[in-house]
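Undergrad:
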Amino acid sequence: MDHAVTGARLTRWWRRNALALGALVVLVPASLFAYDALGFGAVRNAELTVSGDEPHAMGGMPAAAALGPVTISPLERDEVGAPRGSDPVLVTIRVDPGEGLSSCRGVTVTEPSTGRQWRTVFTGLTWVQEQGQEMSCVSDAVIPYDVVAPVLLSDDVVGPLVVTITTFDQPTGAVLDLRFTVEQ
Amino acid sequence: MSRSLARAVPWFVSGALLVAAWFVAGATPDGEERITEPFPVAAEIGTPAVGRNLGVTVTDARLADRVTFGGWYAEGTWLVLDLEAWVVHTESPGALSAATLTVGDRVFRASERAQGYDSSASLFSTGLSLAVPQSGSIAFELPADIAADADAAVVRLAIETEFLGDSVIELPVDISAVERVDELELAATEWITP
Amino acid sequence: MTTPEPPGSASAAAGRASSGAPESPGHRTAFGRLRKATDRVPTKWFAAIGTGLFLAVTAAFGGLAPVAAEEEPPLDRLVAGETHTGEQLAITVQRAVLIDELPGSGAFPDEENGERLLVLLVEMENLWTEPLPASTASLTSQVAKSVGLSGDDRLVVGLVREDDQTFNPWLQPDVPALLAFTWTVGPDDYAGDQDLEVVLSDARLQIGSFLYTGESWLTPVPAAVVTVPIEDVGAGVEQ
Numbered sequence: 001m002d003h004a005v006t007g008a009r010l011t012r013w014w015r016r017n018a019l020a021l022g023a024l025v026v027l028v029p030a031s032l033f034a035y036d037a038l039g040f041g042a043v044r045n046a047e048l049t050v051s052g053d054e055p056h057a058m059g060g061m062p063a064a065a066a067l068g069p070v071t072i073s074p075l076e077r078d079e080v081g082a083p084r085g086s087d088p089v090l091v092t093i094r095v096d097p098g099e100g101l102s103s104c105r106g107v108t109v110t111e112p113s114t115g116r117q118w119r120t121v122f123t124g125l126t127w128v129q130e131q132g133q134e135m136s137c138v139s140d141a142v143i144p145y146d147v148v149a150p151v152l153l154s155d156d157v158v159g160p161l162v163v164t165i166t167t168f169d170q171p172t173g174a175v176l177d178l179r180f181t182v183e184q
Numbered sequence: 001m002s003r004s005l006a007r008a009v010p011w012f013v014s015g016a017l018l019v020a021a022w023f024v025a026g027a028t029p030d031g032e033e034r035i036t037e038p039f040p041v042a043a044e045i046g047t048p049a050v051g052r053n054l055g056v057t058v059t060d061a062r063l064a065d066r067v068t069f070g071g072w073y074a075e076g077t078w079l080v081l082d083l084e085a086w087v088v089h090t091e092s093p094g095a096l097s098a099a100t101l102t103v104g105d106r107v108f109r110a111s112e113r114a115q116g117y118d119s120s121a122s123l124f125s126t127g128l129s130l131a132v133p134q135s136g137s138i139a140f141e142l143p144a145d146i147a148a149d150a151d152a153a154v155v156r157l158a159i160e161t162e163f164l165g166d167s168v169i170e171l172p173v174d175i176s177a178v179e180r181v182d183e184l185e186l187a188a189t190e191w192i193t194p
Numbered sequence: 001m002t003t004p005e006p007p008g009s010a011s012a013a014a015g016r017a018s019s020g021a022p023e024s025p026g027h028r029t030a031f032g033r034l035r036k037a038t039d040r041v042p043t044k045w046f047a048a049i050g051t052g053l054f055l056a057v058t059a060a061f062g063g064l065a066p067v068a069a070e071e072e073p074p075l076d077r078l079v080a081g082e083t084h085t086g087e088q089l090a091i092t093v094q095r096a097v098l099i100d101e102l103p104g105s106g107a108f109p110d111e112e113n114g115e116r117l118l119v120l121l122v123e124m125e126n127l128w129t130e131p132l133p134a135s136t137a138s139l140t141s142q143v144a145k146s147v148g149l150s151g152d153d154r155l156v157v158g159l160v161r162e163d164d165q166t167f168n169p170w171l172q173p174d175v176p177a178l179l180a181f182t183w184t185v186g187p188d189d190y191a192g193d194q195d196l197e198v199v200l201s202d203a204r205l206q207i208g209s210f211l212y213t214g215e216s217w218l219t220p221v222p223a224a225v226v227t228v229p230i231e232d233v234g235a236g237v238e239q
C-alpha cells in the first residue's frame, strides 16, 4: 500500500511539472548546440602531433603521400643578412608526393614552453631556394622534394620545437594541422 | 482575508524580482559589444608600450608640409611618427595592420601612398619579428587646418585591422605643439641591430 | 452561458463533495484547469481577433495601401569644373580623355581588339569622419560607383591617384584628392569632341539602430549629371 501511495505521488509530481520538464528537454540541448555553434570566431583545423624524426603517411593507402622527416638547420647570419640577436634557420620538410596531399601552406615554428610562434620570413633575408627545394607543396610532383622555410628565430629559444604545416586534400576536403616535434 | 493575501504574495514577490532584475540588467555592461572591445595600452613618446602581442616605442612625432622617400614625394599636411615595433608572442598574425589617428570625431588611416613606391617606406602593414624589433615610420595625410583643430588627438596601433578583442597601443598627440618642418624624408624600415 | 467559476471555489466544492459524487479530475491539476480555461475561450472569435490585431499593427506602420513611388527629383546638371556635394563626397569632374593606353592607370586595354581607355580626372573630397576606400574591388566599390558613364553600366576598371598612381587609394576625411577613373572601351564607343555625360551618385548614411550597430553607406543613387567634352589624345602622353 505504501508503494501505491508513493507511486501516485510521483505520477502527480510528473504531471504537475510536465510543462517545465518539457521546456528543459528542448532548451538544454538547444543551449548546448547554440553555445557550440557560436564558436566566437575561432576556427580550428584537425590537429595531429607526430615525431619529426620519421615520415608521416597521409592515410593508409599504399599510394599515400608522406611528410617528414623535419629538420631545423642554422643559416649563416652574415650570408642572409639577419640582424644580431636573431637565430636564422632553415626548416626543411621532406615531401613524398601521393594521395591525401593536394597542397600545403603556413610553416610555423612554436616553442612549447612559452607558446611563442615564428613563421616564415618572406622579405628581409638574402636567401634563394636551391634545386629540389620548394616554398610550398607542389600538387603535380612525382619525385620527392623538400618544402623549405627560412625562419628568423629568437636567439634565446629553448627546444624541442614544434613545426606546424597545414595540409589540404582536395578530393576529400580534409584540412589538417600537422605538428612535428623536432629536437633543435 | 488572510487566504487571498496569501494567494497574492507570490505575485508581489514575482513583481519585486522582475523589478530587481530590470535594475541588474541595467547595471551590467552591454554583452554583444563588449565581446569585441579592445584592451588599451597607454603609451608616451620615448617609452616602450607592450600589449598582448604588439610592442611599440614611438621615438618622435613631427608635422611636415612635404614628405619624401627616394623618388616619391607628397605635399600637404603630414604627421610623421618615427617608431620601433616588434611582436611579443606570435608572428602569425603579426603585422602592424591597424594604425589610426583620431582627432575629435574624425578618424584618419595611416597613409599607404609611399609604400606603393617602396614597401620599406612605412611600417604600416609590415610583418613584425619576434626576434628583433624594426625601426621605421608611419605617416598620416591630414587636412590643412588640422593644427587648428582643438580636439584631442590619439594614435592607435594594433595587430588586427579592426581593434577587435586584442590590445591596442594608444598614444596621445598634441598636434598643435608638435615640431613642424617644411620637408621630411621618411625613415626606411630596418632592423634596430644591424 | 454559464458564468465562469473561480477555480479555487470549484476545487473546494469538489473537495467538499462526498466521495460518491462524480469526480471532475480537471479541477484537481493545473493542467486540467488550463484545459478547462481554454475551453471557455470562444474559438470562433480567433480569426476576428487575429485580423483585428494584424490591421492594427499595419496601421501603425502606415497602412496596407501601396505607397506611390516618389517622383524622382530631376538630376542636377553641371559642367566640367563644377562641384557636386553629396552626403559622403564632394565630386568635381575635371576632364575626360580618350587615349590608347596609360601605364599606371590600372587599366590594360586589349589592343588587338582596338580597345582604348576613357579616363576621367575627378577631384574627390571625403566629407565623412572616417577614411573611405576608393577601390574597384566589388565589396568596397561604393566610392567607385559614385562616378558612372551615362548609358554605360560598366564599372570603372582602374582607379588611381593622378599624382603618384597609388592604386585603389584611401580617401582621408576632408583631404581632397585628384583621381583618375579609367574604363576600357571599344574603338567606336566614344569619340573625341563628343560631349560625355557623367552620372554622379550620392550614397546616404544609414545608422544601425535596431538589429545592428554602426553606420554604413547605402548604394549610391544618381544625383547629378556632368557634361564634359571628350579629348581624344590618340596615343599621346597625358599632361
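Taken in sequence, the protein lines are chains S, P and B. The opening residue of the first sequence carries number 1 in the working numbering; numbering runs sequentially from there. The opening residue of the second sequence carries number 1 in the working numbering; numbering runs sequentially from there. The opening residue of the third sequence carries number 1 in the working numbering; numbering runs sequentially from there. We put the CB at the ideal spot given by N, CA and C, even for glycine.
Taking 8 Å as the cut-off, decide whether the C-beta atoms of B:Trp128 and P:Arg109 are in contact.
TA: no
Undergrad: Please list, in chain order, the residues of the segment 140-173 of chain P that have any C-beta partner in chain B closer than 9 Å.
TA: Phe140, Glu141, Leu142, Pro143, Ala144, Asp145 and Ile146
Undergrad: Here's a check: name, in chain order, each residue in its chain whose Cβ is nearer than 6 Å to the Cβ of S:Tyr145, leaving out the five neighbours to either side.
TA: Val95, Gly132 and Glu134
Undergrad: Counting only beta-carbon separations shorter than 8 Å, does B:Thr29 have a partner in chain S?
TA: yes
Undergrad: Short of 7 Å in beta carbon distance, which residues of its chain neighbour S:Glu111, apart from the five on each side in sequence? Order them along the chain.
TA: Around S:Glu111: Val157, Val158 and Leu161.
Undergrad: Is DSSP giving S:Asn17 helix, strand or coil here?
TA: coil
Undergrad: Quick check on P:Asp174: buried or exposed, where buried means 16 or more other Cβ atoms within 10 Å of its Cβ?
TA: exposed
Undergrad: Note down, in chain order, each residue of its chain lying with its Cβ closer than 7 Å to the Cβ of B:Val221, except the 5 sequence neighbours on either side.
TA: Ser201 and Asp202
Undergrad: Could you tell me the distance, in whole angstroms, from the CA atom of B:Thr227 to the CA atom of B:Asp193?
TA: 12 Å
Undergrad: Contact criterion: CB-CB distance below 8 Å. Does P:Trp86 meet it with respect to chain S?
TA: no
Undergrad: Since B:Asp163 and B:Leu178 are thought to touch, with beta carbons under 8 Å apart, how far apart are those beta carbons, to the nearest angstrom?
TA: 7 Å
Undergrad: Are the CB atoms of P:Trp78 and P:Phe140 within a distance shorter than 8 Å?
TA: The beta carbons of P:Phe140 and P:Trp78 sit closer together than 8 Å.
Undergrad: Identify which residue in B:Gln172, B:Ser216, B:Leu218 and B:Glu215 has its Cα closest to the Cα of P:Thr102.
TA: B:Gln172
Undergrad: When you compare only the Cα positions, how much space is there between S:Leu32 and P:Ile35?
TA: Approximately 19 Å, taken between the alpha carbons.
Undergrad: Answer with yes or no whether the minimum CB distance from P:Pro10 to chain S is below 8 Å.
TA: no
Undergrad: So, with DSSP's three-state summary, where would you put S:Val28?
TA: helix
Undergrad: Suppose you measure from the CA of P:Val13 to the CA of S:Ala34; what does that come to, to the nearest Å?
TA: 32 Å
Undergrad: Indicate the three-state DSSP secondary structure (helix, strand or coil) for P:Ile159 in the structure shown.
TA: coil
Undergrad: Quick check: what's the CA-CA separation for P:Ser167 versus B:Ala191?
TA: 56 Å
Undergrad: Excluding the 5 residues flanking P:Gln115 on each side, which residues of the same chain have their C-beta closer than 8 Å to its C-beta?
TA: Ala121, Ser122, Phe124 and Ser125
Undergrad: Which residue comes first and which comes last in the beta strand (DSSP E) that contains B:Thr184?
TA: Ala177 to Val185
Undergrad: Label B:Phe61 either buried or exposed according to how many other C-beta atoms from any shown protein chain fall within 10 Å of its C-beta, with 16 as the threshold for buried.
TA: exposed
Undergrad: Whole angstroms is fine: what's the gap from P:Ser135's alpha carbon to B:Arg116's?
TA: Going by the C-alpha atoms only, they are around 45 Å apart.
Undergrad: Taking the alpha-carbon of B:Ala134 as reference, which of B:Gly114, B:Leu155 and B:Leu149 has the nearest alpha-carbon?
TA: B:Leu155
Undergrad: Touching or not, the segment 90-103 of chain B and the segment 228-236 of chain B, by the rule of three or more beta carbon pairs under 8 Å?
TA: yes
Undergrad: For the beta strand (DSSP E) that P:Asp145 lies in, which residues bound it at each end?
TA: First-last for P:Asp145: undefined, no H or E at that position.
Undergrad: Kindly indicate which three-state DSSP category S:Ser86 falls into: helix, strand or coil?
TA: strand
Undergrad: For the ligand SAH, any of its heavy atoms closer than 7 Å to the Cβ of B:Glu215?
TA: With respect to small molecules bound, the structure shown includes none, and the ligand SAH cannot be examined in it.
Undergrad: Any contact between the segment 83-94 of chain S and the segment 138-152 of chain S? By contact I mean 3 or more CB pairs, one from each, below 8 Å.
TA: yes
Undergrad: Taking all protein chains shown into account, do 16 or more other C-beta atoms lie within 10 angstroms of the C-beta of B:Ser105, making it buried, or fewer, making it exposed?
TA: buried
Undergrad: Put B:Leu120 into one of helix, strand or coil per three-state DSSP.
TA: strand
Undergrad: Tell me which residues share the same chain as P:Phe39 and place their Cβ nearer than 6 Å to its Cβ, disregarding the 5 neighbours each side in the sequence.
TA: Ser167
Undergrad: Within the continuous beta strand (DSSP E) that includes S:Glu130, where are the two ends?
TA: From DSSP, S:Glu130 is part of no beta strand (DSSP E); its letter is neither H nor E.
Undergrad: At least one CB of chain P closer than 8 Å to the CB of B:Trp170: is that the case?
TA: Closer than 8 Å: yes.
Undergrad: Can you grab the Cα-Cα spacing for the pair P:Ala42 / P:Gly71, in whole Å?
TA: Looking at the two C-alpha atoms, the distance is approximately 36 Å.
Undergrad: Classify B:Pro22: buried if its beta carbon has 16 or more other beta carbons within 10 angstroms, exposed otherwise.
TA: Low confidence applies here, because B:Pro22 scores a pLDDT of 48, under 50, leaving its location unreliable; read the following figure in that light. Per the 10 Å Cβ criterion, exposed.
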